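Heads up, my numbering is the position in the sequence shown plus 108, with the first residue counted as 1.
Glycine residues also receive a C-beta, built at the ideal position from the N, C-alpha and C atoms.
Every value quoted in this text rests on a predicted model; they were computed, and no experiment measured them.
Remarks on the structure that follows.
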Amino acid sequence: VQLQASGGGLVQPGGSLRLSCAVSGTSFSQNVMGWFRQAPGKERELVARITNGGTTNYADAVQGRFTISRDNAKSTVHLQMNSLKPEDTAVYYCNTRQPWTYAWGSWGQGTLVTVSS
109 VQLQASGGGL VQPGGSLRLS CAVSGTSFSQ NVMGWFRQAP GKERELVARI
159 TNGGTTNYAD AVQGRFTISR DNAKSTVHLQ MNSLKPEDTA VYYCNTRQPW
209 TYAWGSWGQG TLVTVSS
């Protein structure tokens with residue numbers, strides 16, 4: 109499985125970014141997709157996930173500000189991030205797992221999001 113995250117950058121507090129992740133080597137439309145982030149000195153955490161049926165779940169810290177979506181035709185998952193805060197600064201990763209397991213796959217290269225004035 110190959111995961112290629114993109115779309116990160118430097119943004120001011122209150123701004124927006126849209127992350128994308130292109131996925132190959134797996135049955136994308138059947139899988140659960142997730143976005144994770146890891147801030148300096150902290151453990152990686154799940155930010156949002158979307159099931160193969162389109163059901164979404166979010167971490168409390170991003171609820172109402174972030175939106176995860178998927179495009180099965182393009183094997184791509186997106187994370188729309190609005191009202192960004194300095195504490196959202198992190199490397200963001202996407203990952204995938206089959207719906208009948210709880211184990212996420214190997215990690216690809218993430219994309220750095222920096223929220224700063």
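Give me the residue from the options with the minimum Cα distance to residue i.
i    : options                   : result
N203 : P194, T159 and D196       : T159
L127 : Q138, Y166, T175 and P207 : T175
R205 : P194, Q171, Q138 and Q217 : Q138
R173 : G122, V109, G116 and L118 : G122
G161 : V221, P207, T222 and A211 : P207
Y210 : A181, H186 and V140       : V140
Thinking C-beta only, is residue j closer than 8 Å to residue i?
i    : j    : result
Q146 : A130 : no
S114 : T219 : yes
Q110 : G213 : no
G116 : Y200 : yes
L118 : S224 : yes
With a threshold of 8 Å on Cβ separation, who are the neighbours of residue i within its own chain once the five nearest residues in sequence on each side are excluded?
i    : result
S124 : Q188, M189, N190, S191 and L192
T184 : S128, C129, A130, V131 and R178
E153 : F144, R145, Q146 and A167
V226 : The displayed coordinates of the chain run from 109 to 225. Any statement about residue 226 would go beyond what the structure contains.
Between residue i and chain C, is the shortest Cβ-Cβ distance under 8 Å, so that the two count as touching?
i    : result
L154 : In the structure shown, chain C cannot be found, because there is only a single protein chain.
Closer than 6 Å by C-beta to residue i: which residues in its own chain qualify, once you throw out the five before and the five after it? Chain order, please.
i    : result
T164 : I158 and I176
V170 : V155
Q120 : S225
Please name the residue or residues paired with residue i in a DSSP beta bridge.
i    : result
W143 : A156 and C202
F174 : M189
S128 : S114 and H186
Given residue i, which residues of its chain have a CB within under 7 Å of its CB, disregarding the five upstream and five downstream residues?
i    : result
P194 : P121, V223 and S224
F136 : N180 and S183
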